[in-house]
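Undergrad: Here it is: the structure, laid out below.
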Amino acid sequence: MSSCRPISLLLSLSKVLEALMFERLNQHLQSNKILAPGQFRFRKRTNIENAVFTLTDNILTSLNHWKQIVGIFCDLSNAFECINHVILLNKLFYSWVGGTCYYWIKSCLTNRKQKVNISTHYLGEESSANWKTIVSGVSQGSILGPLLFLVYIRDLLFGIYHTTKPVIYAEDTSILITFIHDLQIKS
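Read in order, the letters of the sequence shown correspond to residues 756 to 942 in this note's numbering.
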């Protein structure tokens with residue numbers, strides 16, 4: 756049960772508005788090169804094969820140039836639920852997302868409530884929790900949630916881009932650091 760993530764059930768009109776906002780925000784982020792270049796999930800024309808190819812290419816290129824390699828592999832547990840709304844809104848603001856778009860996203864994140872319903876159809880029982888205000892995270896099952904997640908983690912690895920090419924796939928991160936000095940081969 757601890758690894759189960761809630762999926763938000765959204766109204767159809769909400770999904771239409773989210774799809775429109777997604778297109779507008781995604782176009783802005785892509786045209787201004789705001790998203791991390793090593794992100795291979797939740798973006799058009801990227802997939803797991805691209806991520807695996809890039810990681811493998813980074814390893815083989817480093818080995819061909821006799822460089823030492825250190826790999827760091829991270830899995831951000833419950834990443835979507837841990838997003839701080841204030842930090843996300845600040846990142847959007849500093850990514851030149853403003854005006855109606857900014858305030859619309861802010862209103863979607865602020866004072867959002869949810870509750871959990873558990874239904875067992877075969878027993879005819881239903882259990883429901885009380886409404887709870889959501890203070891962090893983006894809605895799983897929403898159209899805009901993954902894009903907001905990318906904005907939130909985009910600067911996670913910018914400090915090391917000069918030494919490596921990190922590969923991020925969803926909330927999993929692979930960092931391959933190649934050292935400048937040559938390998939010492941002992942006979």
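C-beta: ideal position from N, C-alpha, C; glycine also.
(1) Can you look up N872 in the DSSP assignment and give me helix, strand or coil?
(2) Relative to the C-alpha of G892, which residue among L766, L818, N833 and A806 is closest?
(3) Since L790 contacts R798 with CB under 8 Å, what's their CB separation in whole angstroms?
(4) Tell me the DSSP secondary structure of I908 in three-state form.
(5) Is the beta carbon of I898 less than 8 Å from the beta carbon of E773?
(6) With respect to the beta strand (DSSP E) encompassing Q823, which residues constitute its N-terminal and C-terminal limits?
(7) Can you tell me which of the three DSSP states T888 falls into?
(8) Can you check which of these residues, K770, I923 and V890, is closest to H840 by C-alpha distance?
TA: The answer reads as follows:
(1) For the purposes of this step, residue 872 is taken as the residue at position 117 of the sequence shown. Note: N872 maps to strand in three-state DSSP.
(2) Counted from its first residue, the sequence shown places residue 892 at position 137. Of L766, L818, N833 and A806, the residue nearest in Cα terms is N833.
(3) By one-based count along the sequence shown, residue 790 stands at place 35. By one-based count along the sequence shown, residue 798 stands at place 43. About 7 Å separates the two Cβ atoms, so the contact holds.
(4) On the sequence shown, position 153 is the one that residue 908 refers to. Residue state, collapsed to three classes: helix.
(5) The count along the sequence shown starts at 1 and reaches residue 898 at position 143. The count along the sequence shown starts at 1 and reaches residue 773 at position 18. A contact, by the Cβ cut-off of 8 Å.
(6) Here residue 823 refers to the residue found at position 68 of the sequence shown. Per DSSP, Q823 belongs to the beta strand (DSSP E) from K822 to D830.
(7) Sequence index remark: in the sequence shown, residue 888 carries index 133 (1-based). The answer is strand: DSSP assigns T888 an E or B state.
(8) Taking the first residue of the sequence shown as 1, we reach residue 840 at position 85. Comparing Cα-Cα distances from H840 to each of K770, I923 and V890, the minimum goes to V890.
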